[in-house]
Each structure stands twice: as structure tokens, then as C-alpha cells.
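Visitor: Here you go, one structure.
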Amino acid sequence: MAAEAVSGDQRVSSVMHVRCPDRLPEETYRQVLELLADLSPVVQALPPTAALVELKGGLRYHGTDARHLGEVLRVRTLSRLGIDVRVGVGPTITVATTASGRVDAPGGVLAIDPDHVADWLGPLPVEALHGIGPKQAAALHDYGVHCVGLLAAVPPATVQRLLGGRAGRVAADRARGIDPRPVAPRALPATTSVRHTFAQHTLDGALVRAALLDLVVQLGRQLRHRGQVARGLTLVLRFAGGASWEKTRRLPEASAHDDDLRTLAYRIVDAAGLQRGRLTGLVLKGEDLVDADKVAQQISLDQAREDRLVAEAVSDRIRAKFGPGAIGPAATFLRVS
């Protein structure tokens, strides 16, 4: 069904929901978000691989309908990024998201006209409706409610008894195509990464730890130079044969200090339980970056820590004057026999 053409009518399908391929690299996902920003300034990132777009302003600017903009997006992602996307368009978030879920992989565009929402939703299985989880669908099936049309016909009070108060109200509304939520602009949290590639496959735990410590120092220096702190860390281990292992953990407090980053990075690598895995490289990412001046800093009563922070600041000044290689952690100078 085609999206309603642009006109003075306020009833227009202007919400776009985009599903990218599973396990999409974060860098590519960010590029998809940039392509969406070319269509409309109102983009809501839904990591790791989806996004919402409010196209009302974009429709007027581009002088076309939302379905056509969905096709434009597919062409651009295919030609520039080499990936296809599934695009749903509707008058609400629920309709658009449900529509994108009905598009067969690898990609396509399904746009629902506002006047046809009830007819389109009605025959769908209840589990296809955005927001209905497996447990809710099972409860509805037990009472003979197998399609969205039947769910819409059941009195809201009955749905509330079946699914619970708030969940029942939301499900009853969404089955009728009612969803007042706006698309809320939200960028993907900023990240930065550093990486190390081993000259040869390594099983040596000491070498791995030394390389990780060097990455911690690089990452901390990069964050402090940019005036940012990280709320989390992601460690990626790359193995011979192309396999990889990835783990993300939150920091107790946002930080850019080597001490804090090192402690968490070591905990993550210890959790990997490396034994005989032949490593080819490491990637360390600072996640959910924010400006350092926006984060409250707790006064430390640990004099040893305060001394290390002073030494860290001095090291930063030395590196800034003489180059990043002027100072390095002692553990990174392990000799390979």
C-alpha cells in the first residue's frame, strides 16, 4: 500500500522505521544514521541495528511521499554501504515498526496509508504487532485471540485483565492503530576505539595483558585530550580463523583515568577465560562518551590514587611536548624471546 501523498491533510504516513541487517558493524550503523539525517533532522537511533525517523518536515522539503524516501534510502544504503534495509512507513510508531517487521529479508519498503491501517493490521497474527511479546501472545492465544483484528475488537478492560493494567491498555490501543508517542531525536552515544594487531598469533597471556595495558593508556590519553569520559568499555578479542569475542561492561563511574579503565579492562579479559585461543588482535572501545565537565567528580580520600592522577597529568604534558612514545607503561616493554 502506498503512503499518502504530501498534502495539507494532517493524516499522513510520515513515521519511518528502518531495520538494518543483524550484527551490523557499529561504524556501518552510524553511516546509516547519517543517511537518515539527510532525509530528516528528526532521527531516533535504536541500537544496535534500527532507527525511527519523523519525515513530516522532510516530505515538504523533498516534495515527495514517505514511500519514495524509503526507496531512496534503500538505493543509498545499497550503493554506498553495500547493505539492504527493511523500511516500514506509517502514521504512528507502532504501524511503521510493525510494517518493517513484515518486509522479507534482505530488504524492501512497506508503506501503510492512514486510512487503511485497521484493514491492514486486522489479519496479522497478534505476535506481529509491535510491542506484543511471546508471553503476551501466548496469553492471548489461550483465550482465542489470534489476530490483531480480534484484539482490537475485545473491550480494553478485558485486555487489561488478560495482560495486566498498563500492558493491556497499550496493547488495546496499538491494535487499533493508536500510538501517541512522538519520534524523539536521539543520536547514537559517542564511542572511540583503539586497536592492536599482533605480529603473529599469540597464546602468551603476558603479551596479551601488556598489549591491553597499552590500549588502555592510548584510550585514556585520547579521552582526556578530547575532554571526555567513558561510561563503559567494550573489549573485542580477534582469533585466528576469523572468530571474535566481545564483551561490554559499565564503569562504576564515568572516567578517563588509566587506573579506572585498566581495572575494568582486566576484569573483562579475565572473564574471557583465555586458555589456548590464538589471538590475532585486540580492540578496546570507550562507550557512551560524555563531556568531562558534565560529570560530577567525587573527591577521593585515597592519597595513592591522587598521586597517580597527578603523575598521569604530568605524563600527558610530556607526551604532548615530546610525542606519544615519550612515555609508556613498563609492562608494554616486555621482551619477546
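Letter by letter, the sequence shown follows residues 1 to 337 in full-length UniProt numbering.
Ideal placement from N, C-alpha and C gives every residue a C-beta, glycine not left out.
1) What do you get for residue 6, buried or exposed, if any count of 16 or more other CB atoms within 10 angstroms of its CB means buried?
2) Between the C-alpha atoms of residue 128 and residue 180, what's the straight-line distance to the nearest angstrom?
3) Near residue 145, which residues of its chain fall below 7 angstroms by C-beta distance, leaving aside the five closest residues on each side in sequence?
4) For the pair the region 74 to 84 and the region 102 to 109, tell me if three or more CB-CB distances fall below 8 angstroms.
5) Measuring CB atoms only, is the region 201 to 211 touching the region 245 to 257, in the sense that at least three cross pairs come out at less than 8 angstroms?
6) For residue 94 and residue 124, what's the separation of their Cα atoms in angstroms?
7) Note down the Cα distance separating residue 224 from residue 39, rounded to an integer number of angstroms.
8) Return the chain-ordered list of same chain residues with a C-beta closer than 7 angstroms to the C-beta of residue 92, the five sequence neighbours on each side being excluded.
9) Answer yes or no: do residue 36 and residue 53 have a C-beta to C-beta separation smaller than 7 angstroms?
10) In whole angstroms, give me the CA-to-CA distance for residue 195 and residue 212.
11) Name the residue from 198, 322, 61 whose alpha carbon lies nearest to the alpha carbon of residue 283.
12) Assign residue 18 to buried or exposed, taking buried as 16 or more other Cβ atoms, counted over all protein chains shown, within 10 Å of its Cβ.
13) Judging by CA-CA distance, which residue of 49, 21, 238 is the nearest neighbour of residue 188?
14) So residue 28 is in the alpha helix (DSSP H); what residue range does that whole segment cover?
15) Do you know how far the Cα of residue 148 is from the Cα of residue 396?
16) Under 8 angstroms Cβ to Cβ from residue 269, same chain only, skipping five residues before and after it: list those, please.
17) Work out the CA separation of residue 279 and residue 116 for me, nearest whole Å.
18) My output table needs one value for residue 202: the three-state DSSP class, helix, strand or coil.
19) How is the alpha helix (DSSP H) around residue 62 delimited, first residue to last?
20) I need the straight-line Cα distance from residue 32 to residue 243, nearest angstrom please.
Guide: Reading off the structure:
1) Residue confidence is low: residue 6 scores 35 on pLDDT, short of 50, so the model does not pin down where it sits. No coordinate-derived value is stated.
2) It is roughly 20 angstroms from the alpha-carbon of residue 128 to the alpha-carbon of residue 180.
3) The answer, listed in chain order, is 126, 151, 154.
4) Counting C-beta pairs closer than 8 angstroms gives three or more between the region 74 to 84 and the region 102 to 109, which meets the contact rule.
5) As far as the Cβ criterion goes, the region 201 to 211 does not touch the region 245 to 257, which means the pair count is below three.
6) For residue 94 and residue 124, the distance between alpha carbons rounds to 13 angstroms.
7) When rounded, the distance between both Cα atoms is 35 angstroms.
8) So the list reads 15, 177, 179, once near-sequence residues are dropped.
9) Contact check for residue 36 against residue 53 passes: the beta carbons are separated by less than 7 angstroms.
10) One C-alpha to the other measures close to 9 angstroms.
11) Distances from the CA of residue 283 to each of 198, 322, 61 were compared; the closest alpha carbon is that of 198.
12) Residue 18 is buried by the Cβ-count criterion.
13) Just measuring C-alpha positions, the residue of 49, 21, 238 sitting nearest residue 188 is 49.
14) Residues 26 to 39.
15) This structure cannot settle anything about residue 396, because the visible part of the chain is limited to 1 through 337.
16) Answer for residue 269: 208, 209, 212, 235, 237, listed in chain order.
17) In a straight line, the C-alpha of residue 116 is about 55 angstroms away from that of residue 279.
18) The answer is strand: DSSP assigns residue 202 an E or B state.
19) Taken as a continuous stretch (DSSP letters only), the alpha helix (DSSP H) holding residue 62 covers 56 to 62.
20) Spanning the alpha carbons of residue 32 and residue 243 requires a straight line of approximately 25 angstroms.
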